[in-house]
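Those protein sequence lines, which keep their order, are chains B and V. Residues in the first sequence are numbered consecutively from 3, following the numbering used here. Residues in the second sequence are numbered consecutively from 81, following the numbering used here.
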Amino acid sequence: NAGVTQTPKFQVLKTGQSMTLQCAQDMNHEYMSWYRQDPGMGLRLIHYSVGAGITDQGEVPNGYNVSRSTTEDFPLRLLSAAPSQTSVYFCASSYRTSGFSNEQFFGPGTRLTVL
Amino acid sequence: KQEVTQIPAALSVPEGENLVLNCSFTDSAIYNLQWFRQDPGKGLTSLLLIQSSQREQTSGRLNASLDKSSGRSTLYIAASQPGDSATYLCAVQSYNTDKLIFGTGTRLQVFP
Chain B
3 NAGVTQTPKF QVLKTGQSMT LQCAQDMNHE YMSWYRQDPG MGLRLIHYSV GAGITDQGEV
63 PNGYNVSRST TEDFPLRLLS AAPSQTSVYF CASSYRTSGF SNEQFFGPGT RLTVL
Chain V
81 KQEVTQIPAA LSVPEGENLV LNCSFTDSAI YNLQWFRQDP GKGLTSLLLI QSSQREQTSG
141 RLNASLDKSS GRSTLYIAAS QPGDSATYLC AVQSYNTDKL IFGTGTRLQV FP
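Next comes the structure, spelled out in structure tokens:
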């Protein structure tokens, strides 16, 4: 199993550009989520999904869109990049039991810089 | 709103010491608590997951305990080694949400 994969590993954007961060998992996990990690602020949840066709907002959803058309993929779209979105982005996935997620598995991250 | 705190923010110890890392949370109605390790520039690696019905979990030199009533978890590292140097994060999932809330981590350095 490849686990959770993310592409690209690094990306530089100019303010106003849009892009999609890719996330895929091959463990048939129902739950997938996106976090951003900033110095001194820890990991903050952007969006999450409990299954194909279902998404919901986390703590910091503004400026980001997600969709979940398949169990395997959960892309994160930046609509109009801003310098405040410079961060490291992590995707995670897990099984769900009785309506709750279990052990979370993380991807290697995407380091995004917005100029 | 669930808040997770980790103290200390950084810790530097000589090799061989036994360590305790602390994690506190404000809402005791949790479903599970998970400890992670993060090496510089890398993703998070799951270390231990404690369900709300459990008091502790062990994996090798690591032992994590959970006291829901006091809102605390501790990660005990026995006989620390330089290879244990990393940032350790705890994360809590509450019963009333699907969201995982992270602490800001403890940066551990073990020197020879």
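Built from N, CA and C at the ideal position, the CB exists for glycine as well.
Looking at residue j and residue i, is the spacing between their C-beta atoms short of 7 Å?
i	j	result
Gln137/V	Ala144/V	yes
Asp75/B	Ala26/B	yes
Leu47/B	Gly65/B	no
Ser174/V	Ala109/V	yes
Ser20/B	Leu81/B	yes
Leu146/V	Ser153/V	yes
Please report the residue range of the beta strand (DSSP E) in which residue i lies.
i	result
Met29/B	That residue, Met29/B, is in no beta strand (DSSP E); it is neither H nor E in DSSP.
Asn64/B	That residue, Asn64/B, is in no beta strand (DSSP E); it is neither H nor E in DSSP.
Pro149/B	This structure does not reach residue 149/B, given that chain B is present from 3 up to 117, and the question cannot be answered.
Pro77/B	Counting along the chain, Pro77/B falls outside any beta strand (DSSP E), and DSSP gives it neither H nor E.
Thr186/V	Thr186 to Phe191
Ser89/B	Ser89 to Ser96
If the cut is a Cβ gap below 8 Å, which residues of chain V does residue i touch?
i	result
Tyr50/B	Asp178 and Lys179
Residues of chain B with a CB under 9 Å from the CB of residue i: which are they?
i	result
Ser126/V	Glu105, Gln106, Phe107 and Phe108
Quick one: which chain B residues come within Cβ less than 8 Å of residue i?
i	result
Gly183/V	Gly44
I want to verify the contact list: residues of chain V whose CB lies under 9 Å from the CB of residue i, in sequence order.
i	result
Phe92/B	Gly123 and Leu124
Leu78/B	Correct list: empty, because the minimum Cβ distance to chain V is about 15 Å.
Gly53/B	None at all; the shortest Cβ gap to chain V is about 11 Å.
Taking 6 Å as the cut-off, is the C-beta of residue i nearer than that to any heavy atom in the ligand NAD?
i	result
Lys179/V	Of the ligands one can find in the structure shown there are none, so the ligand NAD has no counterpart to examine.
Counting only C-beta atoms, is residue i closer than 7 Å to chain C at any point?
i	result
Leu99/V	Absent here is chain C; the protein component of the structure consists of chains B and V.
* **Continuous beta strand (DSSP E) assignments of at least 3 residues falling wholly in the region 32 to 58 of chain B** => As far as the region 32 to 58 of chain B is concerned, its whole beta strand (DSSP E) runs of at least 3 residues are 33 to 40 and 44 to 53.
* For the region 116 to 153 of chain V, which segments carrying the beta strand (DSSP E) assignment without a break, of at least 3 residues, lie completely within its bounds, in sequence order? -> 124 to 131, 136 to 139 and 142 to 147
* To do: Anything in the region 133 to 149 of chain V with a Cβ closer than 9 Å to a Cβ of chain B? List those residues in chain order, please.
  => none
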